[in-house]
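In UniProt numbering, the protein residues as written are 1 to 58.
Before any comments, here is the structure.
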Amino acid sequence: MSTPIKNPKRFNLDNPNELKAFKKWAESSDKNNSPQMKKTREEMKKARAARKQGRFYY
C-alpha cells in the first residue's frame, strides 16, 4: 500500500473479532510499507522489465 488509503475499512473496535482483524490489518499495512518491502518491490519491477526484454535478472 504505497498510496494512502482513501477510505480505510471502518473497524468497530468494541467488537473483539473486529479488533483482532484491525490489528492484523495494521500489522500487514506496516509490513508493506517497510523499507525492506519497498526494496523487494523495486527488485521485482526490474526483474519484470528484464523478462519483457528477454533477459534474466537475478
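Note that the Cβ used here is the ideal one computed from N, Cα and C, for glycine as well.
The structure presented is a predicted model; accordingly, all values stated were derived computationally and were not measured.
(request) Report yes if the C-beta distance between residue 31 and residue 37 is below 9 Å; otherwise report no. (result) What you label residue 31 is simply residue 31 of the sequence shown in a count that begins at 1. What you label residue 37 is simply residue 37 of the sequence shown in a count that begins at 1. In this structure, residue 37 lies closer than 9 Å to residue 31 by Cβ.
(request) Quick one: give me the first and last residue of the alpha helix (DSSP H) that residue 48 is part of. (result) Here residue 48 corresponds to residue number 48 of the sequence shown, with the count starting at 1. Counting along the chain, the alpha helix (DSSP H) containing residue 48 begins and ends at 35–52.
(request) Give the straight-line distance between the Cα atoms of residue 1 and residue 28, rounded to the nearest whole angstrom. (result) If you number the sequence shown from 1, residue 1 lands on position 1. If you number the sequence shown from 1, residue 28 lands on position 28. Because the pLDDT of residue 1 is 44, which lies under 50, any placement of that residue in the model is unreliable, and the number read from its coordinates should be weighed accordingly. Taking the straight line from one Cα to the other gives about 10 Å.
(message) Quick check: the Cα distance between residue 25 and residue 10, rounded to an integer number of angstroms?
(response) The residue labelled residue 25 in the question sits at position 25 within the sequence shown. The residue labelled residue 10 in the question sits at position 10 within the sequence shown. C-alpha separation (whole angstroms): 11 Å.
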